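Okay, structure first, notes after.
Residue numbers (the UniProt record's numbering), protein chains in the order written: chain A, 1 to 174; chain B, 1 to 533.
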């Protein structure tokens, strides 16, 4: 009898632990947000990355450099259709260049001549790049409306932009 | 039965408790691993080392909890890949740091990266491909009482190979946005800034006047406007005798002026000028190459991504150099006569660098040079025209032509002369459909110097999302007639990337971001893996 009570007691404790821990674990499993790191805007002013927002709509963070050919191909192919992307999914693309002092003087002129409508920043000593553990550009991160990381993608192959648009559309509907 | 249920629930409970005890806060980081397998190659005279397998690995782990952050990096060179500095060996936890960060203050204890201004007096950074990691070990503070006042102070030792070097570094930097501070509303912005940095390294030699401490000061001025940016920096550095400069007591200086002009009409330009003398700055005066370097002096020339122009890459001459670069971009709009249906992008670049007009002195100073005068020796000069055009949804092309003059003797050492080369490049991308594409690259270099003419071709096929394959060859067909072939493939899946290739690497200067290192010839296979979280 005593044994039985003890085991029921244990089961109850077990169940409570299970439910509590599941709740905590769920909270912990929440996706990552961008770290609290600063990058420079085109006027050289510092901007905190954790303050990036798009009014509850999805965002794409694209790491690139002026000397990186596939990066420019990716941003060019999205630029061709960017108006449509904004219309369909309300998405905003933030292009973060990792150019250092050698080439970062040329970011503004390159972006301007290509007519890109992206928000552009310079991660001039790779603080953000490093905080995210990125090894190479191009590198793309998709965030949902709450600023949580939904997908990451290393590299660029022509055609990857269609997949990216699908992901963004999916998030926008949720 | 009941016992079974009990056990199941208990196990479920325990496993969930373990999960619940998962530390709060966020973890992020990444793994990068590069391996090579070497073979002997008679054609290029590349010899495999005794250990035919080499692997360089980097694992980083960052942790943040509200305002607190911490991290580590583990590096392994087992064995180090060919061409990396000899002292990179073994396995070690090379970075470890903890810090506290709010909008106003950021304090890091332990390993930290920092850059003052454009990095001409101080930049600690990592460039794994070059084996450079001059991270600092000490304390770094960034204080931002107002958005328009930014202050930094740093001190510590610098990493040299697998340990800390012996030179002590301390410095501070201040930047002010003047118009914002004076609350003047304007679409112009004016920023002034300044840095001071000191390096101390014990000196035990016989010279009583020898400076164990070296100071560098920098002043900066920046003007910003939606259509115009001006960025100027002047640096002065105290005498810093080293073995490399033959122990002269020459003060250093650097002037940098960068201007960017943009228009709404698709035309923009970037013009940069730099003059420097005796600007080499290390935490350890006995080191050479890319070791123990405290400041960042990249070559300010166009960074070419094709292989043949990179046979002759300019490297900045920190002892004395004067010159600049002009970049002009123009976008012929869609629908215009020259723009076609999709628009055409034109880019023009020219750069010119010469040495300084120096006079040898018998005093300890070693030499003197007139400030505003080009020296007699041409170091580097290039002119490049590049046109990028999309013809249809199927076809995109980039065509480039360039002429370069490269003083190989001055840059790479005695035994070489001046190289005058012309290069033509055609790069065609065929997008067959949303998944399949093929890129074809053809290059030719004409020169009568060095290894004479070169030809190169590359095919790259990609299947989105994820797969890509390439095969390429490069040959100096008038001289040694060596095929530098390579072939391989890569697979990307979300945050993971694996690539495998096989081929021949030519001995020469490998440059990333304008900083170069010499790499030996090798042949073999290369396997890389990157992942982050």
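By construction, the Cβ of each residue, glycine as well, lies at the ideal position given by its N, Cα and C atoms.
Because the structure is a prediction, the values reported are computed rather than measured.
{"Check": "Beta carbon proximity, residue 492(B) to chain A, threshold 8 Å", "Outcome": "yes"}
{"Check": "Closest by C-alpha distance to residue 133(B), when choosing among 276(B), 73(B), 380(B)", "Outcome": "73(B)"}
{"Check": "Contact with chain B by residue 28(A), beta-carbon distance below 8 Å", "Outcome": "Because residue 28(A) carries a pLDDT of 40, less than 50, the predicted location of this residue cannot be relied on, and the following value inherits that uncertainty. Judged by the 8 Å Cβ criterion, residue 28(A) is in contact with chain B."}
{"Check": "Contacts of residue 96(A) in chain B (Cβ-Cβ under 9 Å)", "Outcome": "Near residue 96(A) there are no residues of chain B at all, since even the closest Cβ is about 15 Å away, more than 9 Å."}
{"Check": "Residue-chain proximity (residue 159(B), chain A), Cβ-Cβ < 8 Å", "Outcome": "no"}
{"Check": "Chain-ordered neighbours of residue 160(A) on chain B, where CB pairs are closer than 8 Å", "Outcome": "464, 465"}
{"Check": "DSSP three-state assignment for residue 72(A), whether helix, strand or coil", "Outcome": "helix"}
{"Check": "Environment of residue 68(B) [buried if 16+ CB atoms lie within 10 Å]", "Outcome": "exposed"}
{"Check": "Inter-residue Cα distance where the pair is residue 63(A) and residue 199(B)", "Outcome": "34 Å"}
{"Check": "Touch test, the region 320 to 331 of chain B against the region 354 to 363 of chain B, Cβ-Cβ under 8 Å, three pairs minimum", "Outcome": "yes"}
{"Check": "Contact with chain B by residue 46(A), beta-carbon distance below 8 Å", "Outcome": "yes"}
{"Check": "8 Å Cβ cutoff met for residue 532(B) and residue 132(A)", "Outcome": "yes"}
{"Check": "Per-residue burial, residue 192(B) [other beta carbons within 10 Å of its own, 16 or more giving buried]", "Outcome": "exposed"}
{"Check": "Ordered list of beta strand (DSSP E) runs contained in the region 351 to 415 of chain B, each at least 3 residues", "Outcome": "367 to 390, 395 to 407"}
{"Check": "Beta-carbon separation (whole angstroms), residue 300(B) vs residue 274(B), contact threshold 8 Å", "Outcome": "6 Å"}
{"Check": "8 Å Cβ cutoff, residue 530(B) in contact with chain A", "Outcome": "yes"}
{"Check": "DSSP-derived helix/strand/coil call for residue 96(B)", "Outcome": "strand"}
{"Check": "Outcome for residue 492(B) when other beta-carbon atoms lying within 10 angstroms are tallied against a minimum of 16", "Outcome": "buried"}
{"Check": "7 Å Cβ cut-off: residues of chain A touching residue 290(B)", "Outcome": "In chain order: nothing, as chain A lies at least about 15 Å away."}
{"Check": "Close Cβ partners of residue 351(B) (< 6 Å) along its chain, the five nearest in sequence each way excluded", "Outcome": "301, 325, 382"}
{"Check": "Through-space distance from residue 110(A) to residue 100(A), alpha-carbon basis", "Outcome": "15 Å"}
{"Check": "Contact set for residue 221(B): own chain, Cβ-Cβ below 7 Å, skip 5 residues either direction", "Outcome": "192, 232"}
{"Check": "Where residue 280(B) sits in the DSSP three-state scheme", "Outcome": "coil"}
{"Check": "The region 163 to 173 of chain A touching the region 442 to 451 of chain B, judged by at least three CB pairs closer than 8 Å", "Outcome": "no"}
{"Check": "Residue 373(B) versus residue 276(B) - alpha carbon distance", "Outcome": "12 Å"}
{"Check": "Cutoff 7 Å; reference residue 308(B); Cβ partners in own chain excluding five residues on either side", "Outcome": "423, 443, 445, 454, 456"}
{"Check": "Cα-Cα separation, residue 45(B) to residue 39(B)", "Outcome": "11 Å"}
{"Check": "Residues that residue 26(B) bridges to, as DSSP identifies them", "Outcome": "64(B)"}
{"Check": "Pairwise C-alpha distance: residue 175(B) and residue 469(B)", "Outcome": "47 Å"}
{"Check": "Residue 164(B) versus residue 149(A): straight-line alpha-carbon distance, rounded", "Outcome": "36 Å"}
{"Check": "Span of the beta strand (DSSP E), counted from its first residue to its last, around residue 118(B)", "Outcome": "First-last for residue 118(B): undefined, no H or E at that position."}
{"Check": "Where the region 218 to 247 of chain B meets chain A: residues whose CB sits under 8 Å from a CB there", "Outcome": "222, 224, 229, 231"}
{"Check": "8 Å Cβ cutoff, residue 131(B) in contact with chain A", "Outcome": "no"}
{"Check": "Residue burial classification, residue 541(B) (beta-carbon count within 10 angstroms, cutoff 16)", "Outcome": "Because chain B here runs from 1 to 533, residue 541(B) falls outside it and cannot be looked at."}
{"Check": "Selected residue, minimal CA-CA separation from residue 489(B), among 498(B), 505(B), 113(B), 157(B)", "Outcome": "498(B)"}
{"Check": "Same chain only: Cβ atoms within 7 Å of residue 52(B), ignoring 5 sequence neighbours per side", "Outcome": "37, 38"}
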